[in-house]
Structures are given as C-alpha cells and as structure tokens.
DNA sequence: GATGAATGAGCCTTCATTCAT
DNA sequence: AATGAATGAAGGCTCATTCAT
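Chains as they are written, first to last, in my numbering: chain A, 1 to 211; chain B, 1001 to 1211; chain C, 2001 to 2211; chain D, 3001 to 3211.
Here it is as structure tokens:
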C-alpha cells in the first residue's frame, strides 16, 4: 500500500511534469500568444482540463514553466566547478557553459524572449524573482573578485555587465538565427558556424576582461 | 481635377502609411500573434477592411512593415559619414550609431524578434532579402578592410562576426530589458544605465578589434 | 438606390430586432444564467457572432432586452384612456390592464424576475432607470389625486404603494404558477382560474382604496 | 465504540446538514443555474465528491433544499397560536407572520422563485408535494370558516385566494426589491419602508376580508 | 475606393460529474 | 466513509477574413 501511494504520487508528479514539459515546448515554439492549450494537452497526452486542474490557467502555467526553466539552469550552474581554473580562464569557461546551455536548451532563450515580449508580467508576479538568477550573479561576482586578486581580470567590470555581455553574444546569435541565416545567406545552425561563433565570443570576452 | 488626383494620391499614400505606422506599433508591442487587426485599424483610424484592401492579409501586412523597417535603417546608415575617422574609431562609431538607432526605433528590434519567433517566414517570402542588409554588410566590410590597411584593426575578423557582435550587445540589453530589470533589481531603462552600457559595448568592441 | 439603402437599413434593424426577440424569449424561458447565446442565435436564425457584433456581450444583450421590455409596456400604457372613468374605476381598469399585460407578455415578469435575481445589475448600469417606469408612476399618481378630488379614493395611499399592490397580486400568481399549481393541485393556468383571480384582485383593490 | 458510532453519526448528520445549509445559501443567492457545486462544497467546507455521495446530483440536492425549506416553514407555522384572536384579527396575524418569515428567511422566497423558473421540475418529482403546504392551507381554511361563524370575515373567499393574496403582497415586494429600489429611487430595504409596507398589507387584507 | 455587415473556426475556460482508490 | 484525480461537453467570446454593396 505504501508502495501504491508512492506510485500514485509519482503518477501525479509525472503527469504534472509531462504537462510542464509539453507546455515548455509549445511556449518556446510558438510564444505565449501563439501557444495553444489544446496543443499542450495533446503533446502531454493529457486531458485538457487537467491542465486547468493543476495550473489554473494559461498564464500560471507559463509562470511555472518559466520558473522550472530558471531552476534547471541554476542546478546546472551549481554543478560547475570553476575553482580549478584561474579566474580569467574560468570566465571563458562560463562563456562556454552558457553557450552550450543555450544550445542544449533552446527553449530557455525562447521562453525568456516571449516573457520579455509580455513585459515580464509573469516574473513580476513572483515572490522573489531575484532568486531565479542568484547563483549566476554570485558566480560571476566571485570570479571577478578572484580575478582582481589574481590580477588576471581587469578591475572596472561589474558582475551584471559581464553577465549581460556573455549572455548577449550567444543569445543574439541563436534567437535571431532564422533572419540572420537569410540575410547573410549562410546556415548559422551548422556545426562549423556554431563552433566559430563560440571562438569569437571567447576571443571577444577574453580581450575585454584582460587587465 | 489634376489637383484633386494628386490630392487623392496623397491621401491614399497617406492612409497606407498611416496603416503601416499603426501596424508597426501594434506588431512591435504585441508581437505578430498578439497583434490585432482591429487594433491596427483603430490606431490608424481606418476602416478594417481597408487594411485587407491594401495589404491582403495580416501576414503580408507584417511583411511590408518589416521591409519598411529595414528600409528606414538602410537610409539612416547611408547618411553615416565614417570616412573622416580612422577605421577602428569608425567601428566604434558604428557601435554608437547602432545603439542609438535601437534606442530611437525600439520597434525595429521587436519586429525582428517577432519575425524570428515565426522562423523568418515573412523574410523567406521576399525576392531579395539579402538586399535588406546589404549596406550594413558593405559598410563593415569596408571598414574592416580599411582597418587592416591602416593597421588599427585586427585582421582575422569577418564582417558578419563584427556585425553580430555589435548588434548582439545592444539588442540583448534592450530586448530583455523587462526581465533583466527585475532580476538585477535595477531599472535598465534609466539614462545613466543606458550610457554605461554604451560605454561597456564600446570598451568591449575596442578591445576585441585591437590588432 | 435610396430604396435600397432603406431596405438595407431595414434589414439590419430587422436582424437586430430578430435577435432581441429571440433573446427575450430565451432569457424569459431560462433566466439569464440558463440562457444560451447559441440558442438565441438559433432562435434568431442569425450567426452567433452577429450577436456579439451588435450587442457586445450577453450582459449588454440582456440589458437591451430589458429596456425594450420596459419601453413596450410604457407604450401600451400611453395608449390607455382612463379619463373617461371615475378615478376609483380607473384604478380598477389599471388592475385589469396590468393583469392582461402580464398575461399577454409573460416574458415581462420573467425578465424582471431574472434581473432581480442578479440584484438588478443591468438596470444599475443604465443612465436613467427611473424613466423606465415614469409613465406608470405618473398615471397612478394622477389617478390618486383625481380620486381624492372626486372623493372616491381614500386619501392616505401613495402611488408606489398602489403600484406595488396592483403588480404584486398579478405577478405572484403568474410567476409562481408552476409551484402553486402543484401545491394546490389545481391548474392555475385555466381560463376560469385566471378570470377568478382577476375578480379577486379587483375586489381586493376596490376594498382597499374605498374612502 | 458505541460512543464513537454516535459521534460518527452526528458527524455525518452534521456534515450533511452543513452541505444542505451551504446549498440553500448558494441556490438562493445565485439561482439553480447560477449556483456552483464547487462553491457549495467550499461553503460547506466539504469535499465536492461528498455532495455527490450524499445527494447524487445537483438536482436532487436542490430538491432536498426545497423540502427542508418547506419543512422549516411548516414547523414555524405549527407554533402559531391563533385561537386566542378573533378570526379576522388572526388573519392579520398571518399577514404579520408571513411577512416576518420572509424577512427572516430571505432564502425561502428566492428558492421558490428559482424553482418556478425551472417550472417546478423538482417539486414534480416529489411523492406528496401537497403535504409541503398542507398546514398552511389548513390554517387559513380554519380561520376562514371560523370567521364566517364569528361573522367577522366575508364569506365568499377561498383559502387559496387568501393564501395567495397574503403571500403575494410580501413576496413581490421582497423578491423585486432590487429593481423596485432603483425604479422608485428609494431603498425599499430600510426599516421604515419595511414597516410601512407591512402596514399597507394589513390594511389591504383587512379591507378585503371585511364582511 | 471604401465600408458596414456577416461568418467559420477556434480559443480559453467552466462545470457537473465520474473514476479509482 | 471519504477524497484527490480526471474528464466530456459545452459556454462565452475572439479573431482574421469575406461578403455585398
């Protein structure tokens, strides 16, 4: 019986998580307005009303998806072990990590993008939105300070500036891949193009943080 | 009568342009899916059916808005006079121009963003999408080559890479302003924050292109 | 062409009025909550969305139906010619008129009933709800005053009291016909029962207003 | 254990009665169609499914609520002691009782009203709906007969007519309080207005039954 | 060229009810 | 006895688009 209860709980958690997963995919693909609750239900192989049962409405579902996305990124960041590198190299590792996180989780940047189109109305409803990105800020802040001590990172750089710069270079390339590929008549999604862009990003950041 | 015809033509051109303007605002604000044809008609103080009369449907209207947006940017770029600067400084002028163009035309980046969410399906329908960005590519290509000759720009940088880097730093900051402001608990829209970001962008690009 | 325009206007007015008629029937039959917009469209043989095109939403449609119901009653009251009767008899004529109006327009009392269940939220939104019943109040007030002069109506009766008494006796009987018929195991809808009730009402009012 | 069973039975009875109470409030407030099973469960602080467990469905729940409402009224009527009054005065006592019962149990008339909107479909399903109102009929019938003997009540009045007249005057005023208050621009709910209406009702009935 | 009228498809959401323990 | 999970049916409303003049 204990077993069964556990199983039930898992079933519920599983179904909720299936819905969240489906919603993440749908929202990332179509944006908030373009996403269809019906489509999410179909993707999750769940009854549509179950979505409302668990998540109340489309907006709250989106909020949950956003939170989960941030949570997942935070967890992966926590697994980073950057102490073994000198600070300046560790920062380049961050560039690397960010880029590959974006590549492996293309939904993350699209969700963020969609949320920004809605003027962050979902994030605004959260209790402590700052926590979403706390680890990220802590990591860069720590690296910068270490870099100053190690004298391998320029001193007048703020954590937010570094974060934004790192994110911007990868984010822009990926989020605008469709139009850029057309305008530059190159497939920016090809592996060689991706590799080359990573190289450029690191080159750029390295040059910038050099003391 | 000739007079009247001219007047009529102007009226027609005027009404079309009012619709385009209204559409640009609506699409930029709400995205393609969030935009409402009714709302565009209202903003333009035009009959809704007139929109269909002139622009066939929502998609073609969006395409026209996009084209106009690119055209406008091209025109402003054409007015740039960068020959009087050394190449490396001219590139920083480009950073400056790009940033201020984004600031003065916030709709430009939002339209691009929306188009990317739709996987550039509107651009794909164009006859010569490359032309949209031709001048921009020509300018940076020219500057890079001049920089190599003047020996004040590093030689292994491609025009596309430079373009993307310059655009990325400004674009990311502005397009994600809502969520970033929440997460970093600072108003990124304040003048001082904007100025500071411009400084960082220039610093970053300058460091990167230095030979 | 003038003809055609007139015809068109009539067509539109006709369709709107068909919708209003259908709505009145549906609302009266099922109450506001029980009424279905789909059903109204069907009754009116109109496209459902046309209802929204003309009347915005279910609530505003109900408001319009209510207004029309009051308007119609007002018009019929205006056609009453009570001057030829002594005041006390004229008041009994009012009982008669009210009763027959209720009988011929069973929807009127049901609409009012439904509106009261909703705490008059539709009437509250009107600009001058008092006007709805103005003529009715004027008529009774006039009759009472004349009755005092003619000395055939008791003097300490207010217009509102008379109105309410007259309405109450007929309204209660008709609105509760279903349950009353069951409880008293008689068909209160039979002609003889209706006639008898009219007699009782007149008897009651006559006794009450006697000086 | 016996104790526990008793306790449990009470608990069950209590929970059923809490549900009935909640349902009565909800049905009275919103009408049958406007009422929500969820809302009833919430008001009763009971699991929604429990409602179905005890009462099968919304209709049967409503039926039970109606029955309870009638039962309660019957019980209060049984407590009336009208023998000490002359018949004509006793009838005025009935007017008084009815009015105060309506005032203290506003749900009663609203439930009846809702049931009539549904064409008494719940009452129709009862085994002996006549019993619901038996005592009321018996009382008035008795009073009328006594009044004839005492020669203080007119002879050609039927019990049903008296009942309806008494109920109508109070019922109409209260059930239509919202719209009447708006149309007559007076708060009919004020104590003075209520008192005045009771006076009018008694005046009217007294005049009517006078031999 | 211009416009009010009209519509089909679909969207988010609600609600009474049932399932499964 | 009691409850959380789940669902089919529908309901009000929206929206891009077309009709008809």
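Beta carbons: idealized from backbone N, C-alpha and C, even for Gly.
Taking 9 Å as the cut-off, the beta carbon of residue 2120 of chain C is found closer than this to the beta carbon of residue 3179 of chain D. Contact annotation for residue 129 of chain A against chain B: 1179, 1182, 1183 and 1185 [CB-CB distance below 9 Å, chain order]. The beta carbon of residue 3095 of chain D sits closer than 6 Å to those of 3166, 3201, 3202 and 3205, all from its chain and outside the five residues before and after it, given in chain order. Taking 9 Å as the threshold, the shortest C-beta distance from residue 75 of chain A to chain B does not fall below it. Burial is judged here by how many other beta carbons sit within 10 angstroms of a residue's own beta carbon; residue 3075 of chain D has fewer than 16 and is exposed. In the structure shown, residue 3156 of chain D falls within a coil segment according to DSSP collapsed to helix, strand and coil.
Taking the beta carbon of residue 167 of chain A as reference, the chain B residues within 7 Å of it are 1172, listed in sequence order.
Those residues of the region 2108-2124 of chain C placed with their C-beta closer than 9 Å to a C-beta in chain D are 2110, 2112, 2113, 2114, 2115, 2116, 2117, 2118, 2119, 2120, 2121, 2123 and 2124, ordered along the chain.
Listed in chain order, the non-local C-beta contacts of residue 3090 of chain D below 7 Å within the same chain comprise 3082 and 3143, local neighbours out to five positions each way being set aside. Neighbours of residue 3034 of chain D across chain C, judged by C-beta separation under 7 Å: 2033.
Closest option to residue 2164 of chain C, judged by alpha-carbon separation, among D:3150, D:3157, D:3183 and D:3020: D:3183. For residue 2188 of chain C and residue 3159 of chain D, the gap between their C-alpha atoms comes out near 14 Å. The beta-carbon distance between residue 3132 of chain D and residue 3070 of chain D, rounded to whole angstroms, is 4 Å. This is short enough to meet the 8 Å contact definition. Boundaries for residue 3210 of chain D: no alpha helix (DSSP H) harbours it, and the DSSP string shows neither H nor E there.
As for any alpha helix (DSSP H) of minimum length 4 sitting wholly inside the region 1072-1121 of chain B, the runs are 1087-1104 and 1106-1117, ordered along the chain. Against residue 1208 of chain B, the close residues of chain A are 203, 204, 207 and 208, in the order they occur along the chain (beta-carbon pairs closer than 7 Å). For residue 1191 of chain B, there are no neighbours in chain A by C-beta distance under 9 Å, as the nearest C-beta there is about 17 Å away. Here residue 3192 of chain D carries a helix assignment [DSSP, helix/strand/coil]. For residue 2200 of chain C, the chain D residues whose C-beta falls within less than 9 Å of its own C-beta are 3157, 3158, 3161, 3164, 3165 and 3208, listed in chain order. The beta carbon of residue 2152 of chain C sits no closer than 9 Å to any beta carbon of chain D. Residue 3140 of chain D: member of the alpha helix (DSSP H) spanning 3134-3150, first to last residue.
Residues of chain D whose Cβ lies closer than 7 Å to the Cβ of residue 2176 of chain C are, in chain order, 3112 and 3116. With a 10 Å radius around the Cβ and a threshold of 16 neighbouring Cβ atoms, residue 3130 of chain D comes out exposed. Within 10 angstroms of the beta-carbon of residue 3177 of chain D lie 16 or more other beta-carbons, which makes it buried. The three-state reading of DSSP puts residue 3199 of chain D in helix, counting H, G and I together.
In this structure, residue 2111 of chain C places its C-beta atom within 9 Å of the C-beta atom of residue 2027 of chain C.
With respect to chain C, the C-beta atom of residue 3132 of chain D has a partner C-beta closer than 9 Å.
Membership of residue 2045 of chain C in any alpha helix (DSSP H) is not indicated, and neither H nor E is assigned to it by DSSP. Excluding five sequence positions before and after residue 209 of chain A, the CB atoms of its chain that fall closer than 8 Å to its own CB belong to 88, 91, 147, 153, 154, 157 and 162, given in chain order. Excluding its 5 nearest sequence neighbours in each direction, residue 3035 of chain D has C-beta neighbours in its own chain below 6 Å: 3026 and 3027, listed in chain order. Here residue 2128 of chain C carries a coil assignment [DSSP, helix/strand/coil]. Using beta-carbon distances, residue 1019 of chain B does not count as an interface residue toward chain A, since no partner is under 9 Å. Any Cβ of chain D closer than 9 Å to the Cβ of residue 2026 of chain C would place that residue at the interface, and such an atom is absent. In this structure, residue 1066 of chain B sits away from residue 1029 of chain B, with a CB-CB distance that is not shorter than 9 Å.
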